[in-house]
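Reading through the structure tokens given below for one structure.
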């Protein structure tokens, strides 16, 4: 996930969502998150209009609770501080599902 910029604080998150971006909420222990690592860089390369950021759910749990991130991996799109859409569930997401979500924004 080298192409994702990791966010470490609420301040960094607030700054990031001012851009046209997709925030990926994940952890490094969840099997579905590990599966996502097999394709996420391809998704980033295919969507240059968005900046992609990574939030480790365990490190920013309060933010995830506030945003109702109940399952991981999850994706939320933002622009100018406004949420554009979300793909949030506890189910495994395929590359096709993630791309379909991005296309629908």
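Numbering (my numbering), first residue to last: 1164 to 1268. In this text, a Cβ means the ideal position worked out from N, Cα and C, and glycines have one as well.
Collapsed DSSP secondary structure at residue i in the structure displayed
| i | result |
| --- | --- |
| residue 1228 | helix |
| residue 1237 | strand |
| residue 1187 | strand |
| residue 1181 | coil |
| residue 1173 | helix |
| residue 1216 | strand |
Nearest-angstrom Cβ-Cβ length linking residue i and residue j, presumed shorter than 8 Å
| i | j | result |
| --- | --- | --- |
| residue 1217 | residue 1168 | 7 Å |
| residue 1207 | residue 1256 | Their Cβ separation, rounded to whole angstroms, is 15 Å, which puts residue 1207 and residue 1256 out of contact at 8 Å. |
| residue 1261 | residue 1254 | Not confirmed; about 12 Å, so no contact. |
Nearest candidate by alpha-carbon position, reference residue i, set the options
| i | options | result |
| --- | --- | --- |
| residue 1182 | 1229, 1212, 1190, 1171 | 1212 |
| residue 1176 | 1200, 1193, 1240, 1233 | 1240 |
Cβ-Cβ distance between residue i and residue j below 8 Å
| i | j | result |
| --- | --- | --- |
| residue 1180 | residue 1244 | yes |
| residue 1220 | residue 1189 | yes |
| residue 1263 | residue 1234 | no |
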